Amino acid sequence: MRHVFVTGATGFVGSAVVADLLAAGHHVVGLARSDDAATALVAAGVEAHRGDLQDADSLRRGAEQADAVIHAAFDHDFSNMAASCETDRRAIEALGDGLAGSDKPLIVTSGLPVIPGRVVTEDDMPPADAHGMPRVSEQTALALVERGVRATVVRMPQVHDRTRQGFASYLLAHARKTGLSAYVGDGRNRWPAVHRLDAARLYGRVLESGGLGQCYHAVTEEGVPVREIAEAIGQRLLLPVVSLSTAASANHFGWLDRIAKMDVPAASALTRERVGWRPFEGASLLDHLRP
């Protein structure tokens, strides 16, 4: 049994990670930024640790007292993404301060790197410019290896269940608002995906078997074409499905335009081989989008 400190413990992915850790017999401590969050954690059998991502002292103390840390929290405020990413960077550094010199595991959640023209693998590193994306979760975590932290990274695609479907949920809401379900061009750009429960199980495998400085892909579907996502949304909402030109898409999608055009297929063969991850949830992203 390990004493595991989890940020984002009441979140969409983090709550599933917590349940998996508890089932494996670990003692879990969850970061709680409110009384309601603390109450929910205690009800789930989790010890509550008060603080938030901007409270560096609380993060440091939580890490110091733990045998391992899983950082699953992130503020997905797309209207102020740069600020959210800076908060995330500082939070990871604070967790690293608490673990420095201990050789204890720190598992940090990140997105997938974009490598134009091919499928991304676990051994690919993010481009130096990260295509303008300000999130540096992975880079910040792996830099902690030099400080004696057993840092690893879990890269997330679109995480889904029946209630939420990653970026597809934003497309769904936008289609409901605009009265049509759209994609750009031929819609062959692809989004990888994973069931929420399969993603949660990967954290447990990385906790037990993860290698120093390694990246792992929580990917069960290598790339779902965005056209098929738009068609599933159209079926669900009984709305027309249309292709937009690149010029028209920015006006239609607004801040979602970059996401709608995103092409980031990703493999997970190395993850399965290296930590023995065996996904078994049957429902796909499209299954969870269709009526």
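First residue of the sequence shown: 489, per the working numbering; consecutive thereafter.
Beta carbons are placed, not taken as given, at the ideal position from N, Cα and C, and that holds for glycine.
The structure presented is a predicted model; accordingly, all values stated were derived computationally and were not measured.
Pull up the distance between the alpha-carbon of residue i and that of residue j, whole angstroms please.
i    : j    : result
A842 : V672 : Lying outside 489 to 779, the shown extent of the chain, residue 842 is not represented and no answer is given.
Q702 : V608 : 15 Å
H776 : A661 : 15 Å
D751 : A532 : 38 Å
R548 : L758 : 32 Å
L583 : P753 : 30 Å
E719 : S669 : 7 Å
G783 : M569 : The chain is shown only over 489 to 779; residue 783 falls outside these bounds and no answer can be derived.
D508 : A735 : 45 Å
A681 : E552 : 34 Å
C573 : D543 : 15 Å
E696 : R652 : 28 Å
I603 : D523 : 42 Å
S546 : V506 : 19 Å
L700 : R578 : 21 Å
P615 : V729 : 34 Å
S657 : M489 : 37 Å
D674 : K749 : 11 Å
S737 : V642 : 31 Å
A497 : L727 : 36 Å
I721 : P779 : 8 Å
T597 : F741 : 27 Å
Beta carbon of residue i, beta carbon of residue j: below 7 Å?
i    : j    : result
A561 : L541 : yes
E581 : D686 : no
S756 : H683 : no
S503 : D576 : no
A588 : R635 : yes
V714 : N677 : yes
V534 : V516 : yes
T495 : L510 : no
H491 : A554 : yes
T640 : G586 : no
Q723 : W679 : no
Go ahead and pull the three-state DSSP assignment for residue i.
i    : result
M569 : helix
D542 : Reading off the sequence, residue 542 comes out as Gln, not Asp. Reduced to three states, the DSSP call for Q542 is coil.
W765 : coil
L774 : helix
H537 : strand
V624 : coil
Q723 : helix
I595 : strand
S657 : helix
T495 : strand
L630 : helix
R638 : strand
Within 10 angstroms of the Cβ of residue i, are there 16 or more other Cβ atoms? Answer buried if so, exposed if not.
i    : result
F655 : buried
M644 : buried
R606 : exposed
E610 : buried
W743 : exposed
P767 : buried
L690 : buried
P601 : buried
Please check the pair residue i and residue j, which I expect to be a contact at CB under 8 Å, by giving their CB distance rounded to whole angstroms.
i    : j    : result
L773 : E709 : 6 Å
H648 : I595 : The pair is not a contact, with the Cβ atoms about 21 Å apart (cut-off 8 Å).
G539 : F493 : With 8 Å as the limit, G539 and F493 do not qualify as a contact, their Cβ atoms being about 11 Å apart.
R693 : G764 : 6 Å
L632 : I717 : Their Cβ separation, rounded to whole angstroms, is 36 Å, which puts L632 and I717 out of contact at 8 Å.
L725 : R664 : 6 Å
Does any residue of chain E have a CB that is nearer than 7 Å to the CB of residue i?
i    : result
G586 : Within the model displayed, chain E is absent; a lone protein chain is all it includes.
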